[in-house]
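With full-length UniProt numbering, letter number 382 in the sequence shown gets 382, and the count goes up by one each step, no holes. Below is one structure; the comments refer to it alone.
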Amino acid sequence: RIATLDAHTTIDYVAYKPVLLVSGRDFVTRFHSRELNDGSSVVVATSTTHPLCPLREPDTIRGHVHLAGWRIIPRSESLSEVWFFVKTDLRGSIPARISQRVLLDQGFASRPTLPSALSLDSPPARPPPTLQDMTLLGLAQFTALFLSLLYGAPALFTTYLVDTLHDIFVWGLIAWMCVRLYLGPATDNVHHAGYGHIYAGVDIDVTAALAFLLEPSQKGVNLRDVVVAAVARVLCTMPHLNSHIVLGKQYPSPTIDVTLVARGQHDEMLEPLPLHDLATATARSVAENVRAGFAKQQSDGTIACRQAWARQGLNLDCTRVGVPRRVLGQALVVELDDAYIPIAPWMHVSLLVVLGPPTKKPVVIDDQTDATSKQATSAASQLFSVRT
């Protein structure tokens with residue numbers, strides 16, 4: 001800022017980085033800004049000179065601004081109308097290619113506007129429609145229509161032609177549905193996948209974890225407790241995965257709940273053990289909750305009769321009989337002899353983790369490995385398989 005003429009008018013000096021084979025880019029501009037009586041703000045600028053800051057190359061002028069300005073008119077709390085106008089003189093120091101482009105842009109700097117557009121606020125744009133899956137009501141309507149065509153038409157029209165057309169339509173519809181079911185995702189809409197299960201497997205090196213669990217301070221904690229704590233940590237860090245599924249739709253959950261299906265002493269599958277509020281759980285706290293849950297299951301003989309799978313899928317609240325809503329939580333950890341996931345129709349959780357027992361496998365050390373040598377055998381690590 002070179003000088004201040006009054007409270008609304010100043011003289012400023014602006015210099016840009018010089019470009020090779022181009023004169024220095026420095027400008028002295030007079031600025032004036034104020035608020036008008038109608039509430040709008042006006043800012044105007046024009047090129048000038050000042051003895052305190054002479055231009056570097058006054059003979060070569062890259063452009064002279066006769067008048068430029070902005071007018072800002074507030075229309076509402078979140079809407080303002082901005083007008084910009086400019087009148088420049090190139091002074092002949094700019095190549096013809098650039099000057100023609102500037103003149104072309106200046107010719108379209110303003111355009112007439114209808115008075116009604118200035119006095120009325122533009123209405124807010126409508127949000128895009130939300131894509132929705134088929135609801136229970138829509139499914140009931142489709143089923144009623146299909147059954148009416150299947151049984152109602154033959155009962156009302158007994159002619160041979162109507163029966164023939166009815167059979168052709170029904171069997172054609174069945175054939176079309178079978179073809180789509182056989183082709184699978186190749187014919188489904190990209191916005192709605194018909195089959196949402198994704199299976200993946202990974203082998204994790206647990207050598208350090210097993211050494212940690214052998215310490216005296218970690219007595220009573222095993223590998224499945226570490227996996228349950230890790231799954232709870234995943235649900236905390238990925239909120240979109242911490243949800244429950246009801247009738248094919250996904251809803252967010254306020255708490256971190258994980259269910260453990262452990263393997264018994266004689267390799268039998270125990271009852272599902274829900275573990276609630278694991279947002280800040282550690283492997284030690286998970287082990288204590290698991291032991292307490294197993295003790296409660298052994299003392300309660302009716303737990304085997306409570307069908308938790310239907311309550312999880314239908315979101316039914318059966319707290320009075322001991323089965324709360326979403327009893328399986330948002331993730332299910334299953335301990336099996338081998339990490340294999342069957343296609344289970346009762347799988348109404350967002351994440352299913354099946355872990356197998358640790359086994360020794362050769363690993364790569366210094367870019368070399370040999371499964372038959374003693375070096376590879378001694379360097380074998382404890383791995384366990386996980387399927388999600």
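Backbone N, C-alpha and C define an ideal beta-carbon position, used for all residues, glycine too. All values reported here derive from a predicted model rather than from experimental measurement.
Rounded to whole angstroms, residue 163 and residue 171 show a C-alpha spacing of 12 Å. Of the residues assessed, residue 257 falls on the buried side of the cut-off, its CB having 16 or more other CB atoms within 10 angstroms.
DSSP links residue 243 through a beta bridge to 252.
DSSP places residue 275 inside the beta strand (DSSP E), whose first and last residues are 273-275. Judged by beta-carbon spacing, residue 349 lies beyond the 9 Å limit of residue 227, meaning their Cβ atoms are not closer than that value. DSSP lists 29 as the beta-bridge partner residues of residue 47.
Just so you know, the alpha carbons of residue 38 and residue 76 end up roughly 14 Å apart. Boundaries around residue 333 are those of the beta strand (DSSP E), 331-335, since no alpha helix (DSSP H) includes it. When only Cα atoms are considered, residue 89 and residue 65 end up about 6 Å apart.
A direct Cα-to-Cα measurement between residue 5 and residue 79 gives close to 33 Å.
The way I'd put it, the region 29-44 does touch the region 9-16; three or more beta-carbon pairs between them come closer than 8 Å. Judged by their CB atoms, residue 223 and residue 210 are nearer to each other than the 9 Å cut-off. A check of alpha carbon separations from residue 67 across 363, 206, 44 identifies 44 as the nearest.
A distance of 9 Å or more separates the beta carbons of residue 200 and residue 278.
Beta-carbon to beta-carbon, residue 1 and residue 40 are separated by about 25 Å, too far to satisfy the 8 Å threshold.
Residue 219 sits in coil when the DSSP states are folded into three classes, being neither helix nor strand. Burial is judged here by how many other beta carbons sit within 10 angstroms of a residue's own beta carbon; residue 141 has fewer than 16 and is exposed. For residue 166, the secondary structure class from DSSP, reduced to helix, strand or coil, is helix. Apart from sequence neighbours up to five positions away, the residues of its chain that approach residue 231 with a beta-carbon distance below 8 Å are 258, 331, 333, 351, 353, ordered along the chain. In this model, residue 212 and residue 243 are separated by some 32 Å (Cα to Cα).
A distance of 9 Å or more separates the beta carbons of residue 218 and residue 292.
In the three-state DSSP reduction, residue 174 falls in the helix class (H, G or I).
A direct Cα-Cα distance of roughly 48 Å separates residue 42 from residue 240. Inter-residue distance for residue 28 and residue 46 is about 9 Å (C-alpha atoms, whole angstroms). Residue 351: member of the beta strand (DSSP E) spanning 351-355, first to last residue. The three-state reading of DSSP puts residue 363 in coil, since its state is none of H, G, I, E or B. Note on geometry: alpha-carbon atoms of residue 207 and residue 139 lie some 51 Å from one another. 236 is the residue among 236, 148, 181 whose C-alpha sits nearest the C-alpha of residue 281.
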